[in-house]
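4 protein chains.
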Amino acid sequence: MNIRTDLALESAELYWEMGEGHEIPGVSFEEEEKEAVRITRVRVLGEEGEKAVGKPRGNYITIEMPSLLESESEIFLQAARCLSNELTAIIKKPKLTLVAGLGNSEITPDSLGPKVIPRLVVTRHLFTHMPDAVSHLSPVCALAPGVLGVTGIETGEIIKGVCERVRPDLVIVVDALASRKTERVSTTIQIADTGISPGSGVGNKRKAVNQETVGVPVIAVGVPMVVDAATIANDTIDLVIDTLIKEAEGDFYTMLQNLDREEKHALIRASLPKGMGGMMVTPKDIDTLSDKIAHVISMGLNFALHPHITEEEIASFAG
Amino acid sequence: MNIRTDLALESAELYWEMGEGHEIPGVSFEEEEKEAVRITRVRVLGEEGEKAVGKPRGNYITIEMPSLLESESEIFLQAARCLSNELTAIIKKPKLTLVAGLGNSEITPDSLGPKVIPRLVVTRHLFTHMPDAVSHLSPVCALAPGVLGVTGIETGEIIKGVCERVRPDLVIVVDALASRKTERVSTTIQIADTGISPGSGVGNKRKAVNQETVGVPVIAVGVPMVVDAATIANDTIDLVIDTLIKEAEGDFYTMLQNLDREEKHALIRASLPKGMGGMMVTPKDIDTLSDKIAHVISMGLNFALHPHITEEEIASFAG
Amino acid sequence: MNIRTDLALESAELYWEMGEGHEIPGVSFEEEEKEAVRITRVRVLGEEGEKAVGKPRGNYITIEMPSLLESESEIFLQAARCLSNELTAIIKKPKLTLVAGLGNSEITPDSLGPKVIPRLVVTRHLFTHMPDAVSHLSPVCALAPGVLGVTGIETGEIIKGVCERVRPDLVIVVDALASRKTERVSTTIQIADTGISPGSGVGNKRKAVNQETVGVPVIAVGVPMVVDAATIANDTIDLVIDTLIKEAEGDFYTMLQNLDREEKHALIRASLPKGMGGMMVTPKDIDTLSDKIAHVISMGLNFALHPHITEEEIASFAG
Amino acid sequence: MNIRTDLALESAELYWEMGEGHEIPGVSFEEEEKEAVRITRVRVLGEEGEKAVGKPRGNYITIEMPSLLESESEIFLQAARCLSNELTAIIKKPKLTLVAGLGNSEITPDSLGPKVIPRLVVTRHLFTHMPDAVSHLSPVCALAPGVLGVTGIETGEIIKGVCERVRPDLVIVVDALASRKTERVSTTIQIADTGISPGSGVGNKRKAVNQETVGVPVIAVGVPMVVDAATIANDTIDLVIDTLIKEAEGDFYTMLQNLDREEKHALIRASLPKGMGGMMVTPKDIDTLSDKIAHVISMGLNFALHPHITEEEIASFAG
């Protein structure tokens, strides 16, 4: 299946949809709802879990907050506090944190990471130059490494090179994700203590940005900003087949039941419009949305990394 | 059917797809291919034609140029010249032209119109202030009226208000369009001598920007920049049903044949993911693409409006 | 003198500096200080006053707030409230207000006006489409008319054309101003009930945007964003001459006293570096500053135009 | 003297202006004029030269091209070719080049470096993934490291960290410079084979980006985008004093001759407007200018680094 999702929660949902039972071997779940927020904690435990959901073992926290689409500043603050709380729970007071904003600043739906960086309260250099001004803050530095197509260098290589010089003991990577469901776009935050590991451990190690490659814990914070157009088409196909099956009676039902879903998919996908590969599905107001989400994420990081900071101080530090 | 397309050509294609025969009553076609360009001229002749394709009577020229996705400056120039030629053929040497760039400059896929305006060779004021410098050019003025949601004023009202003061004898509106097919996004230019007339004449007259409402001929130049996400889903449904029908044999075939397509659509659409309505499908590099297309359209307009202008002069005029 | 300033307060200051006494005939002053804000109310009374300060008769309110350079959101809110209070005092509850954001959105220090427009709570169209949602608000519409160099149409003509269609009974124009003093850039707001009248009534009437040309009261709200580079040089010359005079003794003193300041100016200015004319002096962080000031001005306008609106509502309305 | 200039040529001009003779010990000059271009080659030879002009020993090539202010694409191409030729003369065919675009992408006059990066033909990763497509090109990678205030990490540290991983044998840094003269802004390109060495070798070694700190040759390519406002004031003071001296006769002349220029400067500077320090002088159209210059510099680098590349290929590679 080439459904593209960066959310562990959606990988689990896919597992369920394929009708393989609700229990996923090697994967545990925990759900919490408070007010407008739903927090799901997915724990991938061992090799069996890795295979089932296609993600490396570790903890994946999903904060779902549909009201983020509204523009009220109180909701933004609430989301930032929620992100901060979840981060604080898994961060051991680091001596120096490096935040890396991944993505391409010139492609709006991919610009979340680079947009977060200038809004962070970055202090590492001030501990040398004006230590009194930052004595109540923690040492933080930041980087927007760019993307392979623009730099010719793997993001992971740049981060590793910089880590070897500045020696952080925690790396947080911020990235725009792809979701499978349009309703999750810009309303969901995923925190993963596995870093970024394409192909779930197997495959290209060079591309991973995780403890193994960087040498210190790597936490990934991401927000879905797009759905692949092919995923929309794919999901629609499933929907059609499901609806037909539900509606069907008698012989028709039997026939559809016997359809090999995979075979049908392959067939149909082959006739999908060309050029779909380069397309993405985004909210119509992605330009302003990506600014707002960058604001929420940077606030959450600032609160988590500097527990004693005030909102006013954040405003006076960041651009 | 709520398939959204702004292209007359696609309206005709929809007619054909619904299996109602290739001849469309009251609509004539003319096709021309040269090198990498396909030009289709759709003429909607009378009430019958208006009903069939849901567009007001008039001429719709579609320039399709898949190679526009490549970044070569020669191809851009070729597209600009092609647009210029088609415009020149339908423009009667105007005494003063007003170009209106419709759309929202803060929403990338809707920013084509506003982006074209600052690249135009605008001369109206210079004919008063420094007539010698522009004696070989034509009087042109321009306007980016903004969108209803931002201004609280219908685009048409703003254009009419300005027209009553500056008294152009030709209005050209530039706008981003919605297409039904991903492969037409940013590769197709439509020129319509009907202006912009939502609801094909029927319905809200206030919203139309055409000869009837403005008082002078209105030519619309547009490029598809998005596909509605719902359209993608819709088209996929058709594809699935078509494929199933093709594949089906025996009883299954008969059954599917008997399915009322409309009924199925309604059913399936009802179960489509919520939030799809606010989503759009765009190329991943829409940010740079919209700049490039704005460049092509403005060059084409500059060539058409100022027949004696050189590329160098355009560069030195526009920002 | 070709010192460029758009602030009536600075015109008065120039008068004083030229040593013509503190009383300015036909001009009255009123000053108020509260906390971090200094409000000066300059009233130009008749022809004598117009000549003395080179501004048409009317009221000019200057809000000076050096702390605006700090990034604290509380100070922004305070500035917005202060602007709102001053506006409320001179606005007679209008039936429909048109806000026009003057300037060039593509030139950062001139982009204040266009940047304010999308942040306004614009409601005119909603009174037709969804009157219940806006029953506690006032009818407001908005426009970013662009600049003469880009549109070929005088800003005033566009505003007049639109006014004739939408018939507001109040026009507010927002514009970036030029100041004479670097310390006023982005820290001072001027409110003038004279509209915008280049050349103080004399000269080009077409360019004015005021009650006389538009037909309804026009209030201008502006913030200095630049100082002309030539003004900096000019002021420095004065400073040098003043310092030399102060320092001089004996014959030297007498000599300098006898220097005709105007003559020296002319001489020196002739030898000023070429190209200075196209240069401007701006803060190094003008890109972020202009966003912040646009935020303050739009908040102030929203508070003044919609007395019952809340901050949350503003956030949910504007982009 | 706190005159700020990043151009070695202007350092030499300052030396001359201070009246210390035309020969500068330890500094050699070479001038070449062809058509609209003036190329000056300043060579700082030893310690004596370093002291005289305050720049580390090495070669400084200045390309002056006033016509760059015009918008003609031919002139841009000519400037790019000229930059390419000068670079080619000092580059020994490198195995891998890293181009670092210094500066802050969010501050327009400082954004030249970051703007150049996405326009480069970057190939390093393609030599692995699709070697045939790039066999006629050279291995190039690129990086926009950001600025200390945003990242908390010295630019030099980031470059060194990345160099240790990707092992280039040539580093080219692109940066916006400060000039002393408004007419040089955006019309002059400086190439220095000394890299970037604040404080001419003395002082903060950590901040330098040069062969000594990075381990491979570092070439700096820069274009003045601003003049310090204080520099404008300073230069104006000199101008005034010079003009007064020229005009003066008799006793007055003698007196002015006896004025200690330094003493006067100090006195006058003390009374300069506060807040001048945060101000800069830029062209009014800096937004579009910085795009154009980024285009010229990236073209020049692409031509120099990939001798067999065509303009079309550059367009199809870069964004």
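Chains as they are written, first to last, in the working numbering: chain V, 1 to 319; chain X, 1001 to 1319; chain B, 2001 to 2319; chain Z, 3001 to 3319. All C-beta atoms in this analysis are idealised placements derived from N, C-alpha and C, irrespective of residue type, glycine included.
Check each residue of the segment 1117 to 1136 of chain X: if its Cβ is closer than 7 Å to any Cβ of chain B, include it; give the result in chain order.
I1117, P1118, V1122, T1123, R1124, H1125
Using a cut-off of 8 Å between C-beta atoms, extract the partners of E106(V) located in chain X.
As a position in the first sequence, residue 106(V) is number 106, starting the count at 1. D1287, T1288, listed in chain order.
Could you tell me which of L3096(Z), I3153(Z), P3118(Z) sits nearest to F3127(Z), measuring between CA atoms?
For the purposes of this step, residue 3127(Z) is taken as the residue at position 127 of the fourth sequence. Ranking the options by Cα distance to F3127(Z), first place goes to L3096(Z).
If the criterion is Cβ atoms closer than 8 Å, does the pair S3186(Z) and L3289(Z) meet it?
What you label residue 3186(Z) is simply residue 186 of the fourth sequence in a count that begins at 1. What you label residue 3289(Z) is simply residue 289 of the fourth sequence in a count that begins at 1. For S3186(Z) and L3289(Z), yes; Cβs fall inside 8 Å.
Using alpha carbons as the reference points, say which of P1066(X), K1093(X), R1119(X), A1089(X) lies closest to D1291(X).
Translated into positions along the second sequence, residue 1291(X) becomes position 291. Among P1066(X), K1093(X), R1119(X), A1089(X), the Cα nearest to that of D1291(X) belongs to R1119(X).
Applying a beta-carbon distance threshold of less than 9 Å, which residues of chain B neighbour A3233(Z)?
Numbered from its first residue, the fourth sequence carries residue 3233(Z) at position 233. I2232, A2233, D2235, T2236, L2239, listed in chain order.
Taking any Cβ of chain Z, which residues in the segment 148 to 162 of chain V have a Cβ under 7 Å from it, in chain order?
L148, V150, T151, G152, I153, E157, I158, K160, G161, V162
Under the three-state DSSP convention, the category A2144(B) falls into
In the third sequence, the residue the question calls residue 2144(B) occupies position 144. If DSSP states are grouped into helix, strand and coil, A2144(B) belongs with coil.
Suppose you measure from the CA of V1134(X) to the CA of I2153(B); what does that come to, to the nearest Å?
One-based indexing of the second sequence puts residue 1134(X) at position 134. One-based indexing of the third sequence puts residue 2153(B) at position 153. CA-to-CA, the gap between V1134(X) and I2153(B) works out to about 16 Å.
Ends of the alpha helix (DSSP H) at T1155(X)?
In the second sequence, residue 1155(X) corresponds to position 155, counting from 1. Looking at the DSSP string, the run of the alpha helix (DSSP H) that includes T1155(X) is 1155 to 1166.
Name, please, each residue of chain C whose Cβ falls closer than 9 Å to the Cβ of K2284(B).
In the displayed structure, chain C is absent; the protein chains listed are V, X, B and Z.
Return the chain-ordered list of same chain residues with a C-beta closer than 7 Å to the C-beta of V218(V), the five sequence neighbours on each side being excluded.
Working through the first sequence from its first residue, we reach residue 218(V) at position 218. If we look at V218(V) and ignore the five residues flanking it on each side, its Cβ neighbours are V171, V173, G195, V209, N210, Q211.
Based on Cα-Cα distance, which residue from E2074(B), I2159(B), C2141(B), K2092(B) lies nearest to V2147(B)?
If you number the third sequence from 1, residue 2147(B) lands on position 147. If we check each option's Cα against that of V2147(B), I2159(B) comes out closest.
When we look at the beta-carbon of D2132(B) and count the other beta-carbons within 10 Å, is it buried (16 or more) or exposed?
Mapped onto the third sequence, residue 2132(B) falls at position 132. Exposed is the call here.
Does the beta carbon of H3295(Z) come closer than 8 Å to any beta carbon on chain X?
In the fourth sequence, counting from the first residue as 1, residue 3295(Z) sits at position 295. Not a single C-beta of chain X is nearer than 8 Å to the C-beta of H3295(Z).
Cutoff 7 Å; reference D169(V); Cβ partners in own chain excluding five residues on either side:
Position 169 of the first sequence holds residue 169(V). Closer than 7 Å at the Cβ level, and outside the excluded window around D169(V), lie P94, K95, L96, V216.
Among residues of its own chain, excluding the 5 on either side of E1311(X), which ones have a beta-carbon nearer than 6 Å to its beta-carbon?
Counting from one through the second sequence, the residue named residue 1311(X) turns up at place 311. Within the same chain, E1311(X) has no close Cβ partners at all.
Do I286(V) and T108(V) count as a contact pair if the criterion is CB distance below 8 Å?
For the purposes of this step, residue 108(V) is taken as residue 108 along the first sequence, with counting starting at 1. For the purposes of this step, residue 286(V) is taken as residue 286 along the first sequence, with counting starting at 1. Against a cut-off of 8 Å, the Cβ pair of I286(V) and T108(V) comes out as a contact.
Any contact between the segment 65 to 85 of chain V and the segment 24 to 44 of chain V? By contact I mean 3 or more CB pairs, one from each, below 8 Å.
yes
Closest Cβ-Cβ distance between A3229(Z) and chain B: below 8 Å?
Translated into positions along the fourth sequence, residue 3229(Z) becomes position 229. So yes, A3229(Z) belongs to the interface.
Element boundaries [beta strand (DSSP E), containing T2062(B)]:
Reading the third sequence from its first residue, position 62 is the one you call residue 2062(B). 2058 to 2064 is the extent of the beta strand (DSSP E) around T2062(B).
Where V27(V) and G3103(Z) are concerned, what is the direct C-alpha to C-alpha distance, given to the nearest angstrom?
Start at 1 with the first residue of the first sequence, and residue 27(V) comes out as number 27. Start at 1 with the first residue of the fourth sequence, and residue 3103(Z) comes out as number 103. If you take the alpha carbons of V27(V) and G3103(Z), they lie about 46 Å apart.
Please list, in chain order, the chain X residues whose beta carbon lies closer than 8 Å to that of E3312(Z).
As a working note, residue 3312(Z) is residue 312 in the fourth sequence. Within chain X, the residues near E3312(Z) are E1072, S1073, E1074.
Put E3032(Z) into one of helix, strand or coil per three-state DSSP.
Residue mapping note: residue 3032(Z) aligns to position 32 of the fourth sequence, counting from 1. If DSSP states are grouped into helix, strand and coil, E3032(Z) belongs with the strands.
Within this structure, are the beta carbons of L3042(Z) and Y3015(Z) separated by less than 8 Å?
Locating residue 3042(Z) in the fourth sequence gives position 42, counting from the first residue. Locating residue 3015(Z) in the fourth sequence gives position 15, counting from the first residue. Strictly speaking, residue 3042(Z) in this sequence is Val, with Leu absent from that position. No; because the gap between Cβ atoms is not below 8 Å, this pair is not in contact.
Proximal residues to A1178(X) (C-beta, below 7 Å), its chain only, five neighbours per side dropped
For the purposes of this step, residue 1178(X) is taken as residue 178 along the second sequence, with counting starting at 1. Counting only Cβ-Cβ distances below 7 Å, and skipping sequence neighbours, we find R1004, T1005, D1006, P1224, V1226, V1227, D1228.
Closer than 7 Å at the beta carbon, the chain Z residues around E212(V)
What you label residue 212(V) is simply residue 212 of the first sequence in a count that begins at 1. Simply none; closest approach about 16 Å.
Just reading off the beta strand (DSSP E) that G1101(X) is part of, what are its end residues?
For this step, residue 1101(X) is matched to residue 101 along the second sequence. Run containing G1101(X): 1097 to 1101, per the beta strand (DSSP E) assignment.
What is the DSSP secondary structure of S2012(B), reduced to helix, strand or coil?
Numbered from 1 along the third sequence, position 12 holds the residue referred to as residue 2012(B). The sequence given here has Ala at residue 2012(B), not Ser. If DSSP states are grouped into helix, strand and coil, A2012(B) belongs with the helices.
Tell whether a beta-carbon distance below 8 Å holds between A176(V) and G113(V).
Here residue 176(V) corresponds to residue number 176 of the first sequence, with the count starting at 1. Here residue 113(V) corresponds to residue number 113 of the first sequence, with the count starting at 1. With respect to the 8 Å criterion, A176(V) and G113(V) are classified as neighbours on the basis of their beta carbons.
Is there at least one Cβ from chain B nearer than 8 Å to T3182(Z)'s Cβ?
Taking the fourth sequence and counting its residues from 1, the one referred to as residue 3182(Z) is at position 182. T3182(Z) counts as touching chain B.
Nearest residue (CA-CA) to I297(V), options S84(V), E10(V), K181(V), D235(V):
In the first sequence, residue 297(V) corresponds to position 297, counting from 1. Taking only the C-alpha atoms, the option nearest I297(V) is S84(V).
Which residues of chain V have a Cβ atom closer than 9 Å to the Cβ of R3167(Z), listed in chain order?
The sequence position of residue 3167(Z) within the fourth sequence is 167, counting from 1. Within 9 Å Cβ-Cβ: nothing; R3167(Z) doesn't reach chain V, min ~10 Å.
Which stretch, first to last residue, makes up the alpha helix (DSSP H) that contains V3227(Z)?
Against the fourth sequence, residue 3227(Z) aligns to sequence position 227. Not the alpha helix (DSSP H): V3227(Z) falls in the beta strand (DSSP E), residues 3218 to 3228.
Closest to E2048(B) by C-alpha separation, out of E2023(B), E2072(B), P2066(B), L2305(B), would be which residue?
Counting from one through the third sequence, the residue named residue 2048(B) turns up at place 48. It is E2023(B).
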